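For the record, the sequence lines run as chains A and B.
Residues 49 to 329 in the numbering used here are what the first sequence spells out, letter by letter.
Residues 49 to 329 in the numbering used here are what the second sequence spells out, letter by letter.
The C-beta atom is built at its ideal place from N, Cα and C for all residues, glycine as well.
Small disclaimer: the values here were computed from a predicted structure and weren't measured.
Down below is the structure, laid out as structure tokens.
2 protein chains.
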Amino acid sequence: MKYEDYFKKYLDAVEAKLKTVMPAEEKHPPVIHDAMAYAVFTGGKRFRPVLTLTACEAVGGSIEKALLPACAVELIHSYSLVHDDLPALDNDDVRRGKPTCHKRYGEAMAILAGDGLLTYAFQLLAQVKPAARALSMIEELSTAAGTYGMIGGQVADLAIPPEDRDLPALDYISVHKTGKLIKASAVLGALAGDAQTENLERLRRFGEWIGLAFQAIDDMLDQDGYVQVLKAKDLRLKSRDLIAQSKREVKPLGKRGEKLIYLADFLLERIPRRTHVAVDR
Amino acid sequence: MKYEDYFKKYLDAVEAKLKTVMPAEEKHPPVIHDAMAYAVFTGGKRFRPVLTLTACEAVGGSIEKALLPACAVELIHSYSLVHDDLPALDNDDVRRGKPTCHKRYGEAMAILAGDGLLTYAFQLLAQVKPAARALSMIEELSTAAGTYGMIGGQVADLAIPPEDRDLPALDYISVHKTGKLIKASAVLGALAGDAQTENLERLRRFGEWIGLAFQAIDDMLDQDGYVQVLKAKDLRLKSRDLIAQSKREVKPLGKRGEKLIYLADFLLERIPRRTHVAVDR
């Protein structure tokens, strides 16, 4: 079954919740709310919020309890794309076939829209009940998104010239730029589902493995990153290993964890059988 | 007595706490931590964190309890300056006699340093105990910093052409761009001091009046903003009124609130007797 069909209920729930929580109002700043919405409603796969909902369910929680953190995670992801696309960073004009936020709304508004999304993610999490849970989520997400997490990965991506990227450097970029937020998505879901320590750590490790697999497979699809230092065959092997490890982590959860297994298998299916460009060396 | 002498204990405490909490570590992202520190340690007046400490003390708390939120407020202020100075926004090369963050570290790093400071402010607040207090602070600060607060003011500042700025437009920009964060600085101090509702609202109103006075006086000193639509005499009158109102709010706090009165009087002293440029019209 296709990802979109299998997770229809989850995707619809995330979309509906995002529409409800996103700020939109008359008054001076409507343009920034337009720019923020433009960045959030882009037809993405919603991999991170779906992971949050699925992780919550896997530890026995209802998906409703995970919707706020799922939105917060997606806002952080969206802000990071808006700022990464800016001329001073990756200078990308197009994302998913549409003009990037700064091409559509101008650079100033894109910077502020990113700031707004980042700020708003924490404002949303502050609404989670009870207070202790909200706080654990804010701690987790701010750490994952900050300079020891996602921003640190982006800095390394800017600071290390392509010719100096060995496997440890690429691992560092991948773990931080992509892995930490995906791991946090799983952890926030487990927290929303009131997971006991053992399951929380299980989901944390699941998020870690699947985050690394996600980046490795993306690199194969984009012919970027890891393909520069790993033979195509080895990168396929690495990805399959990571996904196998992630699945092993959540097997003990039984039937409740089966959607996590599906999510891992969905990534597995994206692994190209053969890479288009011969990069074996 | 000079501000720096009167508040020496407070300024030293803020400086020491900022030095302790700011991230600084070996590994790939040291440059971003350098850029963040560059933005934070600029020799500013620390008006907002001093207000936080003073507000805490005014409701009976010790300044130690207000140091974390005071730092968080200053990080938000610092991030906003870094992003406002960017070429796509105000395009400022110099701030307080030194190259702006993007002139020193490049545009990409300045964008990410701003993101890092914003993220880190919430990470710091998540450490406040108890959880319910931390959460109230995060809610307050994220709202004040977001699109209905500071970012909204910045958007209006970009979106409304100078020739269309009437008094309501200037009030909107001033209230949002400057006022909301100053108000939040007072509220976070009151929350840190475990203020009862009546005093919390008192400090909220104090923060509101003093935030508006702060901007009005800054405009007089910079010959900007309000000086375009108000006669110099009327603007002086407006500032004095706002400061008088702020002082009335905290008078009932008695001796404990006297440092807030000093803070208000300190602003009063900054009002120029005569403006250099004749803008009366």
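{"Query": "Rounded to a whole number of angstroms, what is the C-alpha to C-alpha distance between residue 253 of chain B and residue 300 of chain B?", "Result": "13 Å"}
{"Query": "Taking CB distances under 8 Å as the criterion, tell me whether residue 171 of chain B reaches chain A.", "Result": "yes"}
{"Query": "Taking 8 Å as the CB-CB limit, is residue 191 of chain B close to chain A?", "Result": "yes"}
{"Query": "So, is residue 296 of chain A buried or exposed, given that buried needs 16 or more other C-beta atoms within 10 angstroms?", "Result": "exposed"}
{"Query": "Where do the ends of the alpha helix (DSSP H) carrying residue 139 of chain B lie?", "Result": "Where residue 139 of chain B is concerned, there is no enclosing alpha helix (DSSP H), given that its DSSP letter is neither H nor E."}
{"Query": "Can you list the residues of chain B that residue 71 of chain A reaches, using a CB-CB cut of under 9 Å?", "Result": "194, 195, 196"}
{"Query": "Whose CA, out of A:255, A:215, A:315, A:222, lies closest to the CA of residue 232 of chain A?", "Result": "A:255"}
{"Query": "Could you list which residues in chain B have their beta carbon closer than 7 Å to that of residue 81 of chain A, in chain order?", "Result": "195"}
{"Query": "Checking contacts by CB at 8 Å: is residue 167 of chain B closer than that to chain A?", "Result": "yes"}
{"Query": "Where does residue 178 of chain B sit, in a helix, a strand or coil, going by DSSP?", "Result": "coil"}
{"Query": "From residue 151 of chain B to residue 141 of chain B, what distance separates their C-alpha atoms?", "Result": "6 Å"}
{"Query": "On the DSSP bridge list, what partners appear for residue 146 of chain A?", "Result": "A:143"}
{"Query": "When Cβ atoms are compared, which residues of the segment 146 to 165 of chain A fall closer than 7 Å to chain B?", "Result": "155, 156, 159, 160, 163, 164"}
{"Query": "Can you tell me the Cβ-Cβ gap for residue 165 of chain A and residue 84 of chain A, rounded? I've got them flagged as a contact below 8 Å.", "Result": "6 Å"}
{"Query": "Going along chain B, which residues have a C-beta under 7 Å from residue 174 of chain A?", "Result": "183, 186, 187, 190"}
{"Query": "State the start and end residues of the unbroken alpha helix (DSSP H) segment that holds residue 341 of chain A.", "Result": "Absent from the structure is residue 341 of chain A, since the part of chain A shown begins at 49 and ends at 329."}
{"Query": "Residues of chain B with CB closer than 7 Å to the CB of residue 125 of chain A, please, in chain order.", "Result": "Near residue 125 of chain A there are no residues of chain B at all, since even the closest Cβ is about 13 Å away, more than 7 Å."}
{"Query": "Along chain B, which residues have their Cβ under 8 Å away from the Cβ of residue 199 of chain A?", "Result": "77, 80, 160, 163, 164, 167"}
{"Query": "Taking all protein chains shown into account, decide if residue 325 of chain A is buried (16 or more other Cβ within 10 angstroms of its Cβ) or exposed.", "Result": "Caution is warranted here: a pLDDT of 49 is assigned to residue 325 of chain A, below 50, making its placement in the model unreliable, and the coordinate value is therefore given only provisionally. Residue 325 of chain A is exposed by the Cβ-count criterion."}
{"Query": "Distance cutoff 8 Å, beta carbons only. Does residue 239 of chain A sit that close to anything in chain B?", "Result": "no"}
{"Query": "Output, in chain order, the set of chain A residues within a Cβ distance shorter than 9 Å of residue 280 of chain B.", "Result": "Those do not exist, as residue 280 of chain B stays about 27 Å from chain A at its closest Cβ, beyond 9 Å."}
{"Query": "List the endpoints of the continuous alpha helix (DSSP H) containing residue 217 of chain A.", "Result": "215 to 222"}
{"Query": "My assumption, with CB atoms under 8 Å, is that residue 153 of chain A sits in contact with residue 58 of chain A. Please give the rounded CB distance.", "Result": "The pair is not a contact, with the Cβ atoms about 30 Å apart (cut-off 8 Å)."}
{"Query": "Within this structure, are the beta carbons of residue 237 of chain A and residue 260 of chain A separated by less than 8 Å?", "Result": "no"}
{"Query": "Spell out whether any CB of chain A is found under 8 Å from the CB atom of residue 206 of chain B.", "Result": "yes"}
{"Query": "Once you ignore the five residues that flank residue 182 of chain B on each side, which residues in its own chain have a CB closer than 7 Å to its CB?", "Result": "173, 174, 176"}
{"Query": "Within 8 Å (strictly less), CB to CB, does residue 137 of chain A reach chain B?", "Result": "yes"}
{"Query": "From what residue to what residue does the alpha helix (DSSP H) around residue 52 of chain B run?", "Result": "51 to 54"}
{"Query": "How about residue 232 of chain A: is its C-beta nearer than 8 Å to some C-beta of chain B?", "Result": "no"}
{"Query": "Flag this pair as yes or no: are the beta carbons of residue 94 of chain B and residue 69 of chain B separated by less than 8 Å?", "Result": "no"}
{"Query": "Classify residue 64 of chain A: buried if its beta carbon has 16 or more other beta carbons within 10 angstroms, exposed otherwise.", "Result": "exposed"}
{"Query": "Apart from the five residues on each side of it in sequence, which residues of its chain come closer than 7 Å, Cβ to Cβ, to residue 148 of chain B?", "Result": "133, 140, 141, 142"}
{"Query": "So which residues of chain A does residue 134 of chain B contact, with C-beta pairs closer than 9 Å?", "Result": "136, 155, 156, 159"}
{"Query": "Give me the residue from A:293, A:188, A:136 with the minimum Cα distance to residue 240 of chain A.", "Result": "A:188"}
{"Query": "Taking the straight line between their C-alpha atoms, what separation do you get for residue 136 of chain A and residue 72 of chain A?", "Result": "28 Å"}
{"Query": "Along the chain, where does the alpha helix (DSSP H) that runs through residue 208 of chain B open and close?", "Result": "That residue, residue 208 of chain B, is in no alpha helix (DSSP H); it is neither H nor E in DSSP."}
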